[in-house]
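One structure is given here, and the rest of the page talks about it.
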Amino acid sequence: MLKKLPLIGAMFVALTVVEDGAAAANPQVLIKTSMGEIVVELYPDKAPKSVENFLQYVRDGHYNGTVFHRVIGNFMIQGGGFTPDFYKPGTPDFGQKKTRAPIPLESKNGLRNDAGWLAMARTSAPDSATAQFFINTVDNANLNHPQPDGHGYAVFGKVIKGMEAVNAIKAVKTGRMGPFGDVPAEPVTIESVSVVGGR
C-alpha cells in the first residue's frame with residue numbers, strides 16, 4: 001500500500017496541472033488605458049467568431065490609440081472605433097477607423113451582459129458588429145438574447161483584473177458632441193491592447 005502512494009500523488013499532481021492548464025488556455029488581453037490597466041479573459045468556446053475577430057483587431061494594432069467615445073456610468077463604456085481626432089471639429093468620419101467585414105451575432109451563447117463582461121457593439125442590424133466593444137458596468141439583463149430587439153448583444157469576455165480602471169472611466173464627466181451623446185469631456189485613450197496569456 002505504501003508503495004502505491006507516490007504513484008497516486010503523481011497522478012494527482014498531473015491532473016492538477018492539466019486542470020490548471022485548461023483553465024489558463026483561454027486568451028487573456030491587456031487593455032492599457034489612460035486611466036489604468038484592464039485584463040480581460042476571452043471565451044472562444046462560447047463565442048468563437050467574436051473572440052477571433054477581436055483578437056485579429058488586437059494583432060493588427062487596430063485598438064492602439066483609440067478612445068472610449070461613449071460612457072454611460074450606470075450602463076456601459078464603449079470604445080475601439082474612433083481615434084482622438086473624434087474630438088476635432090470637421091474631422092472626416094469623426095476619426096472613425098476602417099474595419100473588416102462585420103461578423104455574425106453570437107448572442108445565444110449562455111454568457112450574460114453582467115457587470116464586468118465584454119460584448120460586441122453593433123448597429124440595429126444583428127450581424128453588424130465589427131471592431132467596437134463595450135464593457136458592462138452594471139448587470140444589463142435587457143441586453144441578453146433575445147432582448148432588447150429580438151437579438152441581444154454577444155458577450156465574449158470578462159474583466160478579471162482592473163475593474164478599478166473601468167469604474168474610473170465610467171465616472172468621467174460626459175456631454176454631447178455633434179451628433180454623439182455621452183462623450184467623455186476629456187479623451188479616455190486606449191493606449192494599447194495586447195495578448196498576455198492563453199492561446
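Residue numbers for the sequence shown follow the UniProt record's numbering, so the first one is 1 and each next one is one higher. Idealized CB from N, CA, C, for every residue including glycine.
Alpha-carbon spacing of Phe-94 relative to Thr-66, whole angstroms
Numbered from its first residue, the sequence shown carries residue 94 at position 94. Numbered from its first residue, the sequence shown carries residue 66 at position 66. A straight-line Cα-Cα distance of about 12 angstroms links Phe-94 and Thr-66.
For a test of the three-state rule: what should DSSP assign to Glu-52, helix, strand or coil?
Working through the sequence shown from its first residue, we reach residue 52 at position 52. It is helical.
Pull up the distance between the alpha-carbon of Phe-75 and that of Asn-26, whole angstroms please.
Position 75 of the sequence shown holds residue 75. Position 26 of the sequence shown holds residue 26. Near 26 angstroms, if we compare the C-alpha coordinates of Asn-26 and Phe-75.
Same chain only: Cβ atoms within 6 angstroms of residue 257, ignoring 5 sequence neighbours per side:
In this structure the chain extends from 1 to 199, so residue 257 is not present and cannot be described.
For Pro-89, count neighbouring Cβ atoms within 10 angstroms of its own Cβ and tell me buried if that reaches 16, exposed if not.
Position 89 of the sequence shown, counting from 1, holds the residue named residue 89. Pro-89 should be labelled exposed.
By the 10 Å Cβ neighbour count, where 16 or more other Cβ atoms means buried, how is Ala-185 classified, buried or exposed?
Taking the first residue of the sequence shown as 1, we reach residue 185 at position 185. Its Cβ having fewer than 16 others within 10 Å, Ala-185 is exposed.
Per DSSP, what kind of secondary structure is Pro-184 in: helix, strand or coil?
On the sequence shown, position 184 is the one that residue 184 refers to. DSSP places Pro-184 within a strand segment (E or B) once states are collapsed to three.
What is the DSSP secondary structure of Met-76, reduced to helix, strand or coil?
Within the sequence shown, residue 76 is the residue found at index 76, counting from 1. Here Met-76 sits in strand by DSSP.
Which residues DSSP lists as bridging Ser-192, in chain order:
Counted from its first residue, the sequence shown places residue 192 at position 192. Bridge partners of Ser-192: Lys-32.
Residue burial classification, Pro-179 (beta-carbon count within 10 angstroms, cutoff 16):
Stepping through the sequence shown from its first residue, residue 179 is reached at position 179. Per the 10 Å Cβ criterion, exposed.
The beta strand (DSSP E) with Asn-64 in it runs from where to where?
Working through the sequence shown from its first residue, we reach residue 64 at position 64. Neither: Asn-64 is in no beta strand (DSSP E) and is coded neither H nor E.
Using a beta-carbon distance below 8 angstroms, is Asn-142 in contact with chain B?
The chain labelled as chain B is not found in the depicted structure, where only one protein chain is given.
Decide if the segment 27-40 is in contact with the segment 139-148; the criterion is three or more beta carbon pairs, one per stretch, under 8 angstroms apart.
Taking a cut-off of 8 angstroms for Cβ pairs, the segment 27-40 and the segment 139-148 do not touch, as fewer than three such pairs fall below it.
When DSSP labels each residue in this structure, what does Gly-197 get in the three-state scheme?
On the sequence shown, position 197 is the one that residue 197 refers to. Here Gly-197 sits in strand by DSSP.
Compute the Euclidean distance between the alpha carbons of Ala-125 and Tyr-153, then round it to the nearest angstrom.
Here residue 125 refers to the residue found at position 125 of the sequence shown. Here residue 153 refers to the residue found at position 153 of the sequence shown. So the two alpha carbons sit approximately 11 angstroms from each other.
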